[in-house]
Amino acid sequence: MTALDITVTTPSAGAADHWADELWAAVAAGSESAARAVAFGALNAGVSPESVLLDVIAEVQARVGHAWAANRMTVAQEHAATAVNDRVVTALAHHPAVLDATPRDSRGRVTVSCVDGEWHAFPARLLAQVLSLHGWEVDHLGAQVPTPHLIGRLHRSAPVALALSASLAPRLPAAHTAITAAQAAGVPVLAGGAAFGPDGCYARLLGADGWAGHARGAAEWLADGPPAPVRHQPLDDLPHLADQEYTLVSRSAPRLVGAVMSGLAERVPAVRGYAEVQLQRTAEDIAHIVDFLAAALYTDDRDLFGRFLTWTAGVLTVRAVPAASLLPALDVLRHELRDLPRSVTILDHGRTVVDLLTDPPNVLHQHQHHGNPA
Amino acid sequence: MVPLPTDTPRTTAEPGLTFLGDAPYPVLVLAADGSVVHGSDAAWELIGGPAGVEGGTIAPWLLDAHLRISADRDGRDHDPRPAAVPVRGLLAAGEVEAHPSVRADGTVVWWLVDGADRGLALAVERERWSLLAQLSSLLLSSLNVQRCLETTAQQAAAHLADAAVVISPTSGRVLRFVSCVRGGRPVHGGVRADPAEVPGLAEALRGFPPVPSRWIDPDAAPDWLLPDGLDALGAVSVTPLPGHGVPAGALVLLRGPGHGAFAPSEEVFARLFAARAGAAVSAAVMYSEQAAVTDLLMRELLPPRLEQVNGTDYAGGYRASVDRDRIGGDFYDVHPAADPDGETLAVLGDVCGKGLEAAVLTGKIRNTLHALLPMADDHPRLLTLLNRALLTSHHTRFATMVLASVRRREERVTVRLSAAGHPAPLIVRADGRVEAARTSGSLVGALPETTVESDTVVLAPGEACVLYSDGVTEARGGPLGDAMFGEERLRRVLGECGSTPAEAIVERVLMLASQWVGSGRHDDMAVMVVAAPRSGGLPGDGGRGIDGFAA
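Residue numbers (our numbering), protein chains in the order written: chain A, 1 to 374; chain B, 1001 to 1551.
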């Protein structure tokens, strides 16, 4: 579960579509030189550098994510495609059209960083490039930035704002820490990336000063002048954390995974016959479920868990694994956490979501069986 | 104060009013003619005579007010309770506010509220202290000098004056400052000027006690001091920012015309304010000086950015055990051959221990290796020399490492590998097969002699040689908490990486190892990949997505 949609894309312009198709072909073939030629071709044909970055490259990166989810690409191929795309972005920075489009005078300094533990570096990379096209002096820290390191950098460079990227919801607690620490250091925070939820609802929840669904939005937010940061403590934003359920679940995550594994072995006979590797992958999948449960507890939003399960069910289904195979794990987990009311509510909601996905209403069945064959 | 008129004799307390002795305020009940019906002990104390003793005085202002109320009441009998407004005046004990309540029988109860002015003073003090507390928390949260100066200017302008200018400690002939008008944003400025142009500024910047505001002629202030938004000056006050032993600059408060000079109490408060700002600015200056030194020293120790050299792809990635440091005991380097057909030396190593101390030794080893490059074609000799150099240094630490001499011939890349006490590199074939290089040897810097057996591997296009430190394979964690990442798992991961670009392999290994440890403790982890570039075609399909729920 390493791929997610890249949310920095916007509906692409018609002209860009053609270039995106070309780039997709080159990237899917893993050919760096072909990919570079396409990107340069687009620039030479007059597509603006920003449009090449966002409507062509980001669009292709989104297709990479979709291809992985749809099992048309392996994890390694996805990494390879991302590496090619990344090299294209690097090469693009030296193209005359990009150099011409970059303002000489700096509007100020902006720090772009991924949350601690976040490995999806590409959206932040694109954002950094787009912001420098808008005249910002960008301090790009990359993926997997430990929060103490990030805050040290903020103290030293005192940027106008911090653009913080996170793709996966389990990174939200780390994002929250980074947001409050940056604000305490006097730096307003703009949150972005899929982790912050549809319409950035978790960015607001965690007290970020702004949210942008895509790189253009981020540039607009910065151009409007970021507000003075709001200083607050993490517990001020999330009073429900006082019930300790998040703490209990995330601290005992490995024990929970172990308990679910042995519970599964009891309930699902097939699991007993699993090979070592298969057992390991199952344990990793359960660990993801526990991670997202913890994130749902942190945000107090059962829909976060529901969306994760919907997505997972889709990923499993295209890999010929029935979504219903999620149910025993949810049941065992619910049994383990039966004394924690919020966890139970979230898990029950998750079960309902999976039930709906795996067991469509009977009407539909009848319709299919007895309907007009036409 | 006048003696009590003889026609207002003090009467003994009316029995029904004795409860007033317990009233929270001093209270005086006067008859319509002004004679005292009752006075609580506290009231007599205020008035200046002990309770029940003849000769106390009632101040004329209070008597006047009382008689006015009585006269008013006589004039309109239909309303037994004429409007009664509080009056203020001086009694023996100080200023009081007297609140009348008119009773139906025409007597008036006077509630004497002591020190109404003191309440106001208290409110002012409270406001000032909460302002200082607020300023402290604003300033303490930033370790950036410019931010601290901005916060000081902004807060001073908001609470102490119409505008404020914070002058940085001087270095050179240019005066740097941050100015802010009330409600505005702080603006940075610089001017080539003598601080002595502003009376008291030169002294303040050198830490001398401030010159009283009333001695400073606002008309003498130079134009650069006047921020945009403030047209003329009515008063100027200069306060030094006391730092940690050295002055941290000066705070200049500006007031527009028509408000008069800064009062002494305001200047005292400005000094309290400046003390906090000065401490914060000093701390920030110290931090940024230290950080600059650390950054400079760290730059040499950070792993280098790798790229293609002489037709071979190199990529490296590193994760330090101490998150804050970003450096540690693992290192890697690529020393390109002088000519494109020559041998490039790539090294990945691991110094025993972690943190800054280990990092310092990696720096020495990297420098020594650099000096030994001329004999890079002879790995055993190079390791022997390095071993001697480490044994004779005062460090007690030892190191393990892999040397890789890389040469490209046409499409293929030949790699001569020597592992000195280090895990053998793994070779990833284009079809996803993973093999360990057959090289082993003793570690460096511990024993008098070193031995090593080298191995030579040939990489076809799309194939890669993966060098890693044991921090990767010995990472503990995983979904169940305390399993080792292990070489088996690493081989399985690499098995999915046939024909994958070098950076993608590095990223995948480091990502999985990092996710494996989660938030747990771990050793330094380093990965370097030497790869023969792919000539074209699709990457091999050796991987799988998630399939754990195949029930």
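Quick reminder that beta carbons are idealized off the backbone N, C-alpha and C, glycines included.
It should be emphasised that the depicted structure is a prediction, and the values quoted were computed from it without experimental measurement.
For residue i, which of helix, strand or coil comes out of DSSP?
i: ALA1399(B); result: strand
i: TRP211(A); result: strand
i: LEU1104(B); result: Residue 1104(B) is actually Ala in this sequence, not Leu. Looking at ALA1104(B) - three-state DSSP - the assignment turns out to be coil, as it is neither helix nor strand.
i: HIS335(A); result: helix
i: MET73(A); result: coil
i: HIS1038(B); result: strand
i: GLU1474(B); result: coil
i: ASP1455(B); result: strand
i: ALA1163(B); result: strand
i: THR1344(B); result: strand
i: PRO1222(B); result: coil
i: PHE292(A); result: helix
i: PRO1374(B); result: helix
i: GLU1496(B); result: coil
i: GLU1095(B); result: strand
i: ALA1157(B); result: helix
i: SER1179(B); result: strand
i: PRO1240(B); result: strand
Apply the 10 Å Cβ neighbour rule to residue i and answer buried if 16 or more other Cβ atoms are within range, or exposed otherwise.
i: GLN61(A); result: buried
i: LEU54(A); result: buried
i: ASN1387(B); result: buried
i: ARG1366(B); result: buried
i: GLY1052(B); result: With a pLDDT of only 48 at GLY1052(B), under 50, the local geometry of the prediction cannot be trusted, and no value is derived from it.
i: GLN144(A); result: buried
i: VAL1178(B); result: buried
i: GLY1520(B); result: exposed
i: PHE1019(B); result: exposed
i: VAL332(A); result: buried
i: TRP1215(B); result: exposed
i: VAL1174(B); result: exposed
i: GLU118(A); result: buried
i: PRO1024(B); result: exposed
i: HIS94(A); result: exposed
Using a Cβ-Cβ cutoff of less than 6 Å, which residues in the same chain neighbour residue i once the five nearest sequence positions on both sides are dropped?
i: PRO1222(B); result: GLU1197
i: ALA1031(B); result: VAL1037 and THR1107
i: LEU326(A); result: VAL354
i: GLY1048(B); result: ALA1092
i: GLN1154(B); result: CYS1180 and PRO1186
i: LEU162(A); result: THR111, ALA182, VAL187 and VAL189
i: HIS240(A); result: ASP300
i: LYS1354(B); result: SER1321, GLY1328, GLY1329 and ASP1524
i: VAL1529(B); result: ALA1315, ALA1464, VAL1466, ALA1502, ILE1505 and VAL1506
i: THR1151(B); result: LEU1138 and LEU1139
i: GLY225(A); result: none
Which same chain residues, not among the five before or five after residue i, have their C-beta less than 8 Å away from its C-beta?
i: THR1532(B); result: The amino acid at residue 1532(B) is misidentified as Thr; the sequence shows Ala. So the list reads THR1312, ASP1313, ARG1408, GLU1411, ARG1412, VAL1413, LEU1459, ALA1460, PRO1461, GLY1462, GLU1463 and ALA1464, once near-sequence residues are dropped.
i: VAL84(A); result: ALA26, VAL27, GLY30, SER31, GLU32 and ALA35
i: MET1375(B); result: ARG1381, LEU1382 and LEU1385
i: ALA1371(B); result: none
i: HIS18(A); result: none
i: ALA80(A); result: GLY30
Closer than 7 Å to a non-hydrogen atom of the ligand COA - does that hold for the CB of residue i?
i: PRO227(A); result: Absent from the structure shown: the ligand COA. Ligands present: none.
Residues in its own chain within less than 7 Å of residue i by CB, not counting five upstream and five downstream?
i: MET1298(B); result: ILE1327
i: ALA295(A); result: ALA169, PRO170, LEU172 and LEU304
i: ALA1071(B); result: none
Q. Quick one, which residues of the stretch 1467-1484 of chain B are near chain A if we go by CB-CB under 7 Å, in chain order?
A. PRO1479, LEU1480 and GLY1481
Q) Listed in chain order, which residues of the stretch 25-52 of chain A have Cβ atoms closer than 7 Å to some Cβ of chain B? A) ALA29, GLY30 and SER31
(Q) Can you pull out the residues from the stretch 1279-1295 of chain B whose beta carbon lies closer than 9 Å to at least one beta carbon of chain A? (A) ALA1284, TYR1287, SER1288, ALA1291, ALA1292 and ASP1295
Q | Complete runs of the alpha helix (DSSP H) confined to the stretch 75-107 of chain A [at least 4 residues] | A | 75-92 and 96-101
Q. Which runs of the alpha helix (DSSP H) fall wholly inside the stretch 151-190 of chain A and span at least 4 residues, in chain order?
A. 172-184
Q) Going along the chain, which residues of the stretch 283-296 of chain A sit with their C-beta nearer than 8 Å to a C-beta in chain B? A) ALA283, GLU284, ASP285, ILE286 and ALA287
Q. For the stretch 97-126 of chain A, which residues have a beta carbon sitting closer than 7 Å to at least one beta carbon of chain B?
A. TRP119
Q: Could you please tell me which residues of the stretch 1503-1537 of chain B, in chain order, have their CB closer than 7 Å to any CB of chain A?
A: GLU1503, ALA1504, GLU1507, ARG1508, MET1511, SER1514, ARG1534 and GLY1536
(Q) Please list, in chain order, the residues of the stretch 1118-1150 of chain B that have any C-beta partner in chain E closer than 7 Å. (A) Absent here is chain E; the protein component of the structure consists of chains A and B.
Q.
Output needed in chain order: residues of the stretch 1251-1268 of chain B with a Cβ under 9 Å from some Cβ in chain A.
A. none
Q) Between the stretch 1390-1413 of chain B and chain A, which residues of the former have a C-beta closer than 9 Å to a C-beta of the latter? A) none
**Q.** Complete runs of the alpha helix (DSSP H) confined to the stretch 196-284 of chain A [at least 4 residues]
**A.** 201-205, 215-223, 234-237, 245-251, 253-267 and 269-272
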